[in-house]
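Asks:
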Amino acid sequence: MPPLTSNSAPPIIIDRTAEHIFFDIKTLSRKSSKRESEFVVAYLFNTPESQADMLRTVGVSSVEELFDQVPRELRLDRPLQLPPPLSEIELESHLRDIARQNVGASGQVSFLGGGIYDHFIPAAVDAIAGRSEFYTSYTPYQAEASQGSLQTFFEYQTLICQLTGMDVSNASLYEGATAMVEAVLMAMRVTGRRGKVIVLGSVHPEYRETLTTYLRHFDTEIVTVPTPHGTADPGDVARLIDDRTAAVIVQHPNFFGCLESPREIFAAAKQRGALSISVFDPISLGILERPADHGADIAVAEGQSLGIPLQYGGPYLGIFACRQEYLRQMPGRLIGETVDREGRRCFVLTLGTREQHIRRDKATSNICTNQGLLAVRATVYLSLLGPRGLREVAELCCRKAHYAAEQLTANTGLKLAFDRPFFKEFVLRCPDDAAEFAHRVRSAGDIGPGLSRFPTLADELGASAKNLLLVAVTESRTKSQIDCLAKTIRSECSSATKK
Amino acid sequence: MLVRDEEMTFMRNRQATNLVFELSQPGRRAAAYPACDVPARPLSELLPSNQLASQSPDLPELTEPDVIRHFTNLSTLNMSVDTHFYPLGSCTMKYNPKRHERLASLPGLVDLHPYQTEDAQQGMLAILFELQQMLGEIAGLPAVSLQPAAGAHGEMTALLTAAAYFHDRGERRTKVLFPQSAHGTNPASAAIAGFDCVQLKGQADGFVDLEELKAHLDDKTAVFMITNPNTLGLFERDIAKIAHLLHDVGGLVYIDGANMNAILGITRPGDFGGDMMHYNVHKTFTGPHGSGGPGAGPIAVRDFLADYLPGPIVTRTQLEGATRYQLTTPPKSIGRVRSHFGNVGILLRGYLYLRTLGAAGLKAVSEQAVLNANYLRVKLEDVLPVPHGERCMHEFVASAQKSKSEKGITALDIAKRLLDYGYYAPTVYFPLVVPEALMVEPTETESQQTLDDFADTIRTILNESPEFLHSAPHATPVSRPDEVKAGRQLVLRWKRHCARNGK
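Respectively, the protein sequence lines represent chains Y and C.
Under this note's numbering, the residues of the first sequence are numbered 508 to 1006, in order.
Under this note's numbering, the residues of the second sequence are numbered 4 to 506, in order.
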């Protein structure tokens, strides 16, 4: 088996010795093997005798007859072309084989960031999220049988308010990008303006792309403020805000890790009657001012940092909080406190009149299933860290990131791309194409240097974007790991010079 | 079986009744981080001092045992699939296999950064590619996007995809149609995707009224959204005709896949005329429901819509005998509908489920789900008649109208009293076409004995005193919360001063 810490490009050879591993619909054998019938019972609880008895009770002679209402000509006249079933042992070995073809954060020291970070997750978070009373229940429609979830979500809403300084938080949205889009849609409803939305070029490129997708059918002009120097000039932004502008979006710290000037930008937005949307990093609030301090009307975030694993893109957590006055325009579920018939404090889903199951096409959002279990994780994480823990994490990230920036630019030939204050992430300018540079560094050591793909940033930063490398440093990185990366980069650069 | 007050407090001690903020004690902490191993320069040297917070965040202070005991206690106040029969109609609360939890947490999967290089994520891409193929096959619709985070997100994504397709053809189609019995997400998603919504009344028997549908169809019609089997648990008998009507005017048919658990391997949305659909992986393919999410709502569409799907999707190339997977964006893509790939943790569980069952197992799931539903329906129909349909698919909608008029026992009374007996309640008062509706979906992972016991319990409840039932539940930690008060005197967060006034 290949070592987890494989530093060259991992082999992409798929093991085809075991026929069941990967299938291709076109080549899949159509014979239904005997094997399959053994597995039919995997998750069925009734014996053939019991099934026969049930059929008698229903008054049909076969299972087939139960499906009489499905017109015969619409039925599938062949078995589905799926790979054959696997027992638990086979499944586990299959998955372990596949998992080994990936390089996760435990297999390679990682400086990857870009909105998703390798922050440490205390074991207690997994322990609570692993309670099946949380993970196998659903939306708390029956409050009497769901107080565990309801109270936890009420606590979540409170924690998010405490963290951001905002007045109200919902019980979660999908993830950061859709939370930002929901904020824009809400700003349009609140302001009655649909003409223009202003977004800084330093906002996460995938968030901006998502916004563009959602607003495709509106005539809304999305104005992207260029940020060639890493941050926007508040004066430039202010000049763009007019009385057609529904919202101004600032990510702070931004996609490059740099600190923006949200206070000045939001003040300008307020003057023009546009809403201010803050995209924040929850961990940064251990040391940085809160969105409410900046004058944000709506604060949204990717909550992955709060005890949620990387897991290749999701599920994550969309944090959404706003000022009290916009409460009735909020998307998503809300939990409220009340009393039961005995006067006991308890919690229920409330203000459902905003939601799709009641308001249908007039609802504030179409969201139904949200990210409950991830909100549970964030609640436990914040409860564990408390004020001092969150501050410590933020300080560690900030100090280590600055140390890393210093080391990675000392005699390496790399330079900081932007001369701006940053929190836990920064951009380096490589001597040549960053992806190739990163590949060479990875090949030389057990270390992943950072994010070298800036797919949609080329428009903002021009052709030079391809030389940029985004480096994130969390509390989990150690000085020796940073030094090791610096050393590897140094030797890579010097050997490149010699060539 | 009235439970005495002192017993009722049994499940709720202070660790659970108090909020985490009320348990907080200054100076307590759970997490200790290592000392800073790099030069601990003052923050004011690193960051502009006017950007620094003047104080630490206002969060509760607790030890790890405080936190564990609090949330563990809270968890015991939930009913869940692992602890109770959970026949919540339309939600497919089937058993969530434990192997999925272990395998989705393997290193290389759970700790894989979304921006890891493509070389270092080939295994993950292989799984997702295979899942795309399997979902395409089960739908009979070949092109799949795994990006949507939940069913509603899938609906909206598919509608934006359809809009892009029409736009590309130079057609201006503005209307989305759906039956009255549709899930609320259908019109809400259509509105977000920029369409005008047209709601059809349907026939008295709950099916789509073809004449009514025809009257609304024209060259402005974009999409007809329909759940099939429908929300009454019945297979839409005219679905092929409906699809023909739509296709004749150039429109598309969207299948809300919430009820896929009834038809796996029996019939396919693509075969009965659907052009687009979403799956609810958390329902049909047993992603745990997580107290309300996460879900995953992948969509499958016909090949002529494939170019418009959101990116990225996984594609495969064979080069000199080596297989390679990559992320690609379809040529005319509507763009992303979220950041990163999708709710991969849930998609993985769906993948594991499909790999465990195979084709025959999957078909058996639907067969047993439909048998269980029909069995329970028959066991209950003399006391809780099912107004629509002779036979049901995977769920049925019973009416408590008879017990209401005869004894004053409502659907809500039954639902609440069921909690006392250790059953989660069916979905109540939906769909609206059935008065006093109880929508029951047992799923395939329940035994005959469980269904018998459940049916017996309903009979017992219907013989209890109506007055006693009106104040049910009696054995739960709380009973009949005042929802009106919750909505009028909004308390959406804890505040410090409340604690002093509280008990």
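Here a beta-carbon is modelled for each residue, glycine too, at the ideal position from N, C-alpha and C.
In chain order, which continuous runs of the beta strand (DSSP E) of length 3 or greater are located wholly inside the region 252 to 303 of chain C?
Replies: Counting whole runs of 3 or more residues, the region 252 to 303 of chain C contains the beta strand (DSSP E) stretches 255 to 259, 279 to 281.
Asks: Provide the residue span of the beta strand (DSSP E) that contains residue 152 of chain C, from first to last.
Replies: Here residue 152 of chain C belongs to no beta strand (DSSP E), and DSSP marks it neither H nor E.
Asks: At the 8 Å Cβ level, is residue 81 of chain C part of the contact set with chain Y, yes or no?
Replies: Chain Y, which has a Cβ nearer than 8 Å to the Cβ of residue 81 of chain C, makes this yes.
Asks: Determine, using beta carbons only, whether residue 86 of chain C and residue 640 of chain Y come nearer to each other than 8 Å.
Replies: Contact flag set, yes.
Asks: Less than 6 Å between C-beta atoms, sequence neighbours within five positions excluded: which residues of the same chain meet that for residue 171 of chain C?
Replies: Once the five neighbours on either side are set aside, residue 171 of chain C has no close Cβ partner at all.
Asks: Over the uninterrupted alpha helix (DSSP H) stretch that includes residue 327 of chain C, give me the two end residues.
Replies: Looking at the DSSP string, residue 327 of chain C is not in any alpha helix (DSSP H); the run it does join, the beta strand (DSSP E), is 325 to 331.
Asks: Would you mind telling me which residues of chain C sit closer than 8 Å to residue 599 of chain Y, beta carbon to beta carbon, in chain order?
Replies: The contacting residues are 102, 105, 106.
Asks: Taking Cβ positions, are residue 744 of chain Y and residue 784 of chain Y nearer each other than 8 Å?
Replies: Going by C-beta atoms, residue 744 of chain Y is not nearer than 8 Å to residue 784 of chain Y.
Asks: Is the number of C-beta pairs between the region 144 to 162 of chain C and the region 187 to 196 of chain C that are closer than 8 Å three or more?
Replies: Because the criterion of three Cβ pairs below 8 Å is met, the region 144 to 162 of chain C and the region 187 to 196 of chain C touch.
Asks: Give the residues from the region 701 to 726 of chain Y that approach chain C closer than 8 Å (Cβ to any Cβ), ordered along the chain.
Replies: Residues 711, 713, 714, 716, 717, 719, 720, 721, 723, 724, 725.
Asks: Using only CA atoms, which one of C/51, C/175, C/240, C/258 lies nearest to residue 188 of chain C?
Replies: Nearest option by C-alpha distance: C/258.
Asks: Near residue 232 of chain C, which residues of its chain fall below 6 Å by C-beta distance, leaving aside the five closest residues on each side in sequence?
Replies: The residues are 238, 262, 265, 396.
Asks: Quick check on the DSSP output: the beta strand (DSSP E) that includes residue 729 of chain Y runs from which residue to which?
Replies: Per DSSP, residue 729 of chain Y belongs to the beta strand (DSSP E) from 728 to 732.
Asks: Tell me, please, whether the CB atom of residue 776 of chain Y is closer than 8 Å to any CB atom in chain C?
Replies: Chain C contact via Cβ: absent.
Asks: Quick one: Cα of residue 607 of chain Y to Cα of residue 947 of chain Y, how far?
Replies: One C-alpha to the other measures close to 22 Å.
Asks: Less than 8 Å between the beta carbons of residue 815 of chain Y and residue 884 of chain Y, yes or no?
Replies: Closer than 8 Å, so yes.
Asks: In angstroms with no decimal places, state the Cα-to-Cα distance between residue 623 of chain Y and residue 929 of chain Y.
Replies: If I take the Cα positions, the gap works out to 16 Å.
Asks: Need the endpoints of the beta strand (DSSP E) that residue 182 of chain C sits in, please.
Replies: Taken as a continuous stretch (DSSP letters only), the beta strand (DSSP E) holding residue 182 of chain C covers 178 to 182.
Asks: Cβ of residue 17 of chain C less than 8 Å from any chain Y Cβ?
Replies: It does not: the Cβ of residue 17 of chain C has no partner Cβ on chain Y nearer than 8 Å.
Asks: Starting from the beta carbon of residue 343 of chain C, find every residue of chain Y whose beta carbon is closer than 8 Å, and list them in chain order.
Replies: In chain order: 623, 682, 713, 819, 820, 821, 823.
Asks: Could you give the distance in angstroms between the alpha-carbon of residue 732 of chain Y and the alpha-carbon of residue 957 of chain Y?
Replies: Each residue's Cα considered, the two are about 26 Å apart.
Asks: Mapping the DSSP letters down to three states, classify residue 675 of chain Y as helix, strand or coil.
Replies: Note: residue 675 of chain Y maps to strand in three-state DSSP.
Asks: For the region 390 to 417 of chain C, which residues have a CB atom closer than 7 Å to at least one CB atom of chain Y, in sequence order?
Replies: Residues passing the 7 Å Cβ filter: 394.
Asks: Would you mind sorting residue 487 of chain C into buried or exposed? The rule is 16 or more other CB atoms within 10 Å of its CB.
Replies: Classification for residue 487 of chain C: exposed.
Asks: Less than 8 Å between CB atoms is the rule here; does residue 642 of chain Y satisfy it with respect to chain C?
Replies: So yes, residue 642 of chain Y belongs to the interface.
Asks: Whose Cβ in chain C lies nearer than 9 Å to the Cβ of residue 798 of chain Y?
Replies: Residues of chain C passing the Cβ test: none, with the nearest at roughly 11 Å.
Asks: For the region 420 to 428 of chain C against the region 369 to 386 of chain C, are there 3 or more C-beta pairs whose distance is under 8 Å?
Replies: The region 420 to 428 of chain C is not in contact with the region 369 to 386 of chain C.
Asks: Quick check on DSSP: helix, strand or coil for residue 457 of chain C?
Replies: Helix.
Asks: Taking residue 444 of chain C and residue 362 of chain C to be in contact with their CB atoms under 8 Å, please state how far apart those CB atoms are, rounded to whole angstroms.
Replies: About 23 Å; that fails the 8 Å criterion.
Asks: Expressed to the nearest angstrom, what Euclidean distance is found between the alpha-carbon atoms of residue 850 of chain Y and residue 23 of chain C?
Replies: In a straight line, the C-alpha of residue 850 of chain Y is about 20 Å away from that of residue 23 of chain C.
Asks: Hey, residue 196 of chain C and residue 298 of chain C: beta-carbon distance below 8 Å or not?
Replies: Taking 8 Å as the Cβ cut-off, residue 196 of chain C and residue 298 of chain C do not qualify as a contacting pair.
Asks: Determine the burial state of residue 99 of chain C: buried for a count of at least 16 other Cβ atoms within 10 Å of its Cβ, exposed for fewer.
Replies: So residue 99 of chain C ends up on the buried side.
Asks: Taking Cβ positions only, does residue 546 of chain Y come closer than 8 Å to chain C?
Replies: Model confidence at residue 546 of chain Y stands at a pLDDT of 46, short of 50, so the residue's coordinates are unreliable; what they give is reported in the following sentence. Yes, its Cβ sits closer than 8 Å to a Cβ of chain C.
Asks: With 16 as the cutoff for other CB atoms within 10 Å, does residue 620 of chain Y come out buried or exposed?
Replies: Buried, since its Cβ has 16 or more Cβ neighbours within 10 Å.
Asks: Let me check one thing: in DSSP terms, what residues is residue 829 of chain Y bridge-paired to?
Replies: Y/675, Y/805.
Asks: Going by alpha carbons, who is nearest to residue 980 of chain Y out of Y/771, Y/562, Y/617?
Replies: Looking at the Cα atoms, Y/617 is the closest of the given residues.
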